[in-house]
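Per full-length UniProt numbering, the very first residue in the sequence shown carries number 1; after that it's consecutive.
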Amino acid sequence: MALAFDEFGRPFIILKEQEQKSRLRGLDAQKSNISAGKAVARILRTSLGPKGMDKMLQSPDGDVTITNDGATILEQMDVDNQIAKLMVELSRSQDYEIGDGTTGVVVMAGALLEKAERLLERGIHPIRIAEGYETASRISVEHLDRVANKFEFGESNLEPLIQTCMTTLSSKIVNRCKRSLAEIAVKAVLAVADLERKDVNLDLIKVEGKVGGKLEDTELIYGIVVDKDMSHPQMPKQIEDANIAILTCPFEPPKPKTKHKVDIDTVEKFQTLRVQEQKYFDEMVQKCKDVGATLVICQWGFDDEANHLLMHRNLPAVRWVGGVELELIAIATGGRIVPRFQELTTEKLGKAGIVREKSFGTTKDRMLYIEHCANSRAVTIFIRGGNKMIIEETKRSLHDALCVARNLIRNNSIVYGGGSAEISCSIAVDAAADRYPGVEQYAIRAFGDALEAIPMALAENSGLQPIETLSAVKSQQIKDNNPHFGIDCNDVGTNDMREQNVFETLIGKQQQILLATQVVKMILKIDDVISPSDY
1 MALAFDEFGR PFIILKEQEQ KSRLRGLDAQ KSNISAGKAV ARILRTSLGP
51 KGMDKMLQSP DGDVTITNDG ATILEQMDVD NQIAKLMVEL SRSQDYEIGD
101 GTTGVVVMAG ALLEKAERLL ERGIHPIRIA EGYETASRIS VEHLDRVANK
151 FEFGESNLEP LIQTCMTTLS SKIVNRCKRS LAEIAVKAVL AVADLERKDV
201 NLDLIKVEGK VGGKLEDTEL IYGIVVDKDM SHPQMPKQIE DANIAILTCP
251 FEPPKPKTKH KVDIDTVEKF QTLRVQEQKY FDEMVQKCKD VGATLVICQW
301 GFDDEANHLL MHRNLPAVRW VGGVELELIA IATGGRIVPR FQELTTEKLG
351 KAGIVREKSF GTTKDRMLYI EHCANSRAVT IFIRGGNKMI IEETKRSLHD
401 ALCVARNLIR NNSIVYGGGS AEISCSIAVD AAADRYPGVE QYAIRAFGDA
451 LEAIPMALAE NSGLQPIETL SAVKSQQIKD NNPHFGIDCN DVGTNDMREQ
501 NVFETLIGKQ QQILLATQVV KMILKIDDVI SPSDY
């Protein structure tokens, strides 16, 4: 680091403790940043597409996650490098905005960085590369708009939505029953969707899992499933046309807020106290009966005495139900959450067609199903699977499928998958590059080459000859002027993605290109890295 001298020739310090900091400048800084970005992309590259591999990650406390969802892999990896953290952020923002395509966006950013490195070695200024990339990404997004197809679907015609969700699920562990899971996802989204406003609130879809059974037993319940059972074993297991009181107040005698102590010196006083407490309970239970409640769902617990009383008064009850579940039950049954006993009225009760307790396997695991509700806008997807990891991975896969169905309801344009959209964009970018004189032309062509990284990775992961397959598909696209040819990953025998029914949402693809370009521009503009050294 250069020393600065004042007019008397005395050196003075610009950076504090500079001998303890390491500094990279210029091309070295850019190269080290690019190699960090490429390293992250290389990890995810093998898990792209229907034949992609899964990653197994172990957290510091020993929890094991098996997944092939890009966002999850990067979240769980403990990344230290700042540029690698940018890549993690990149896949996270794709996950938040679109929900699908988290692996592809990182692979694409990695390819863009790789091409940029070659241009930097030739002496092209990073800003010119960034500008060229920006222009090329604009060309790609416009081209995608042109090749996109509109999908018309309605309440009766769900096939287009199901096909698109199946494309998403085909790259996950659960691909053997992707048809049934895609149908479940689409029905769940349509149950809570507001089609006039084109809006879907995914919070109303609750995803529950229970170990045991097989993946095919996964079901969609138009109502709520609560992982609780009736508080007393002798209470009825099935209640039809239930009126549900939803309480957040404790079911026990009121306790004074101040510190107090009761002196009991005779048996009579104790008896009086007990009778008084019982009277309180009686009044509470009676109050619930008077307003017509046939089931009480309580956020807090109640002791055995209360339980016994409820049982005798034929008022089934469920205790210790969490806050989020209470809200969902209230939304589904059209009831109101009651914070104080005095406020309990008939109008505040929720209504459900049937409330039943279901037990699983030989274990004593029971769950409560609240179905045929007054307002069926809250639904539950109930997943079964052989072990905890499968269930967690199915939850993540279904989240992707739900997001895709939501995106299609918001914007029903689709492009064809299997790398066909990327190859088509790459051809369009190459054709447009001739119109730009100057150094940007190199960057635009490099962008076109980088787009081919995704079909290339798809071919590689499917065990095909990558370069041979890619060039065959590309020449076919140019010859027939048809943007629907992609990589035949599943060896069906045709490259036409329209016949294979492989679709992706248009907004998802455009977002991938825009986000990857933004991050790469940001990385290219860094030319000086000052970091504390490692001792």
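Glycine included, C-beta positions come from ideal geometry on N, C-alpha and C.
- For aspartate 400, is the classification buried or exposed, using 16 other Cβ atoms within 10 angstroms of its Cβ as the cut-off for buried? The residue you call residue 400 lines up with position 400 of the sequence shown. So aspartate 400 counts as buried.
- Message: Let's see if you can read the secondary structure: which residues bound the alpha helix (DSSP H) around lysine 21?
- Response: Here residue 21 refers to the residue found at position 21 of the sequence shown. First-last for lysine 21: 21-25, but that is the beta strand (DSSP E), not the alpha helix (DSSP H).
- Message: When you compare the CB positions of threonine 505 and serine 137, do they come within less than 8 Å of one another, or not?
- Response: Here residue 505 refers to the residue found at position 505 of the sequence shown. Here residue 137 refers to the residue found at position 137 of the sequence shown. Not in contact: threonine 505 and serine 137 (Cβ atoms no closer than 8 Å).
- Among residues of its own chain, excluding the 5 on either side of phenylalanine 360, which ones have a beta-carbon nearer than 7 Å to its beta-carbon? By 1-based counting over the sequence shown, the position of residue 360 is 360. Taken in chain order, the residues that qualify are Lys210 and Gly212.
- With respect to 7 Å, is the separation between the Cβ of valine 291 and the closest non-hydrogen atom of the ligand MN below this value? Among the components modelled here there is no ligand, and therefore nothing to report on the ligand MN.
- Query: Looking at the structure shown, is histidine 260 part of a helix, part of a strand, or coil, going by DSSP?
  - Reply: Reading the sequence shown from its first residue, position 260 is the one you call residue 260. Three-state result, histidine 260: coil.
- What first and last residue would you give for the alpha helix (DSSP H) that runs through asparagine 461? For the purposes of this step, residue 461 is taken as residue 461 along the sequence shown, with counting starting at 1. Element bounds for asparagine 461: 453-461.
- Item | Stretch pair the region 344-364 + the region 385-399: three plus CB contacts closer than 8 Å | no
- Query: Does the region 420-432 come within contact of the region 446-453, defined as at least 3 CB pairs closer than 8 Å?
  - Reply: yes
- Message: lysine 521 and arginine 356 - do their beta-carbons sit closer together than 8 Å?
- Response: If you number the sequence shown from 1, residue 356 lands on position 356. If you number the sequence shown from 1, residue 521 lands on position 521. No, the Cβ-Cβ distance between arginine 356 and lysine 521 is not below 8 Å.
- Reduced DSSP category for serine 171 - H, G, I as helix; E, B as strand; rest coil: Residue numbering aside, residue 171 sits at position 171 when the sequence shown is read from its first letter. Coil at serine 171, not helix or strand.
- Item | Segments assigned alpha helix (DSSP H), at least 4 residues, entirely inside the region 78-159 | 82-97, 102-121 and 126-147
- Query: beta strand (DSSP E) containing phenylalanine 281: first to last residue?
  - Reply: Start at 1 with the first residue of the sequence shown, and residue 281 comes out as number 281. No beta strand (DSSP E) contains phenylalanine 281, which is instead part of the alpha helix (DSSP H) from 267-290.
- Message: Quick check: the region 260-279 against the region 326-342, are at least 3 beta-carbon pairs closer than 8 Å?
- Response: no
- In whole angstroms, what separates the C-alpha of aspartate 528 from that of arginine 25? Taking the sequence shown and counting its residues from 1, the one referred to as residue 528 is at position 528. Taking the sequence shown and counting its residues from 1, the one referred to as residue 25 is at position 25. Looking at the two C-alpha atoms, the distance is approximately 4 Å.
- Nearest to glycine 301 by alpha carbon, out of Tyr222, Glu252, Glu460 and Asn482? Taking the sequence shown and counting its residues from 1, the one referred to as residue 301 is at position 301. Comparing Cα-Cα distances from glycine 301 to each of Tyr222, Glu252, Glu460 and Asn482, the minimum goes to Glu252.
- Query: Smallest Cα separation from glutamate 208: which of Ala4, Lys198, Leu220 and Val200?
  - Reply: Looking up residue 208 in the sequence shown gives position 208. Considering only alpha carbons, the answer is Leu220.
- Item | Rounded separation between alanine 148 and methionine 56 - CA only | Sequence index remark: in the sequence shown, residue 148 carries index 148 (1-based). Sequence index remark: in the sequence shown, residue 56 carries index 56 (1-based). Whole-angstrom Cα-Cα distance: 36 Å.
- Query: Roughly how many whole angstroms lie between the Cα atoms of leucine 344 and leucine 215?
  - Reply: One-based indexing of the sequence shown puts residue 344 at position 344. One-based indexing of the sequence shown puts residue 215 at position 215. Whole-angstrom Cα-Cα distance: 42 Å.
- Message: I'd like the list of long-range same chain contacts for alanine 71, defined as Cβ closer than 8 Å, with 5 residues on each side in sequence excluded.
- Response: Taking the sequence shown and counting its residues from 1, one reaches residue 71 at position 71. The answer, listed in chain order, is Ser91, Arg92, Gln94, Asp95 and Thr102.
- Query: Is the region 399-418 touching the region 487-503 in the sense that three or more CB pairs, one from each, lie closer than 8 Å?
  - Reply: yes
- Task: For glutamine 510, collect the residues of the same chain with a Cβ closer than 7 Å to its Cβ; drop the 5 residues on either side in sequence, then sort them by chain order.
- Result: In the sequence shown, counting from the first residue as 1, residue 510 sits at position 510. Once the five neighbours on either side are set aside, the close Cβ partners of glutamine 510 are Val141 and Leu144.
- Task: Return yes when the Cβ of glycine 49 is within less than 8 Å of the Cβ of leucine 458, no when it is not.
- Result: On the sequence shown, position 458 is the one that residue 458 refers to. On the sequence shown, position 49 is the one that residue 49 refers to. Yes. Within cutoff.
- Item | DSSP three-state assignment for asparagine 307, whether helix, strand or coil | Along the sequence shown, read from residue 1 onward, the residue named residue 307 stands at position 307. Three-state result, asparagine 307: helix.
- Item | Whole-angstrom distance between glutamate 440 and glutamine 58, CA atom to CA atom | Indexing the sequence shown from 1 puts residue 58 at position 58. Indexing the sequence shown from 1 puts residue 440 at position 440. The straight-line gap from Cα to Cα measures roughly 44 Å.
- Message: If I measure Cβ to Cβ from phenylalanine 153 and keep anything under 8 Å in the same chain, skipping five residues before and after, which residues do I get?
- Response: Stepping through the sequence shown from its first residue, residue 153 is reached at position 153. Hits under 8 Å: Glu159, Pro160, Leu161, Leu408 and Asn412.
- Delimiting residues of the beta strand (DSSP E) encompassing alanine 517: For this step, residue 517 is matched to residue 517 along the sequence shown. Checking the sequence shown, residue 517 turns out to be threonine, not alanine. Not the beta strand (DSSP E): threonine 517 falls in the alpha helix (DSSP H), residues 506-524.
- Task: Would you decide whether glutamine 512 is buried or exposed? Buried here means 16 or more other CB atoms lie within 10 Å of its CB.
- Result: Against the sequence shown, residue 512 aligns to sequence position 512. It counts as buried.
- Message: Would isoleucine 139 and glycine 508 be called neighbours here (beta carbons separated by less than 8 Å)?
- Response: On the sequence shown, residue 139 is found 139 positions in, with the first residue counted as 1. On the sequence shown, residue 508 is found 508 positions in, with the first residue counted as 1. No; because the gap between Cβ atoms is not below 8 Å, this pair is not in contact.
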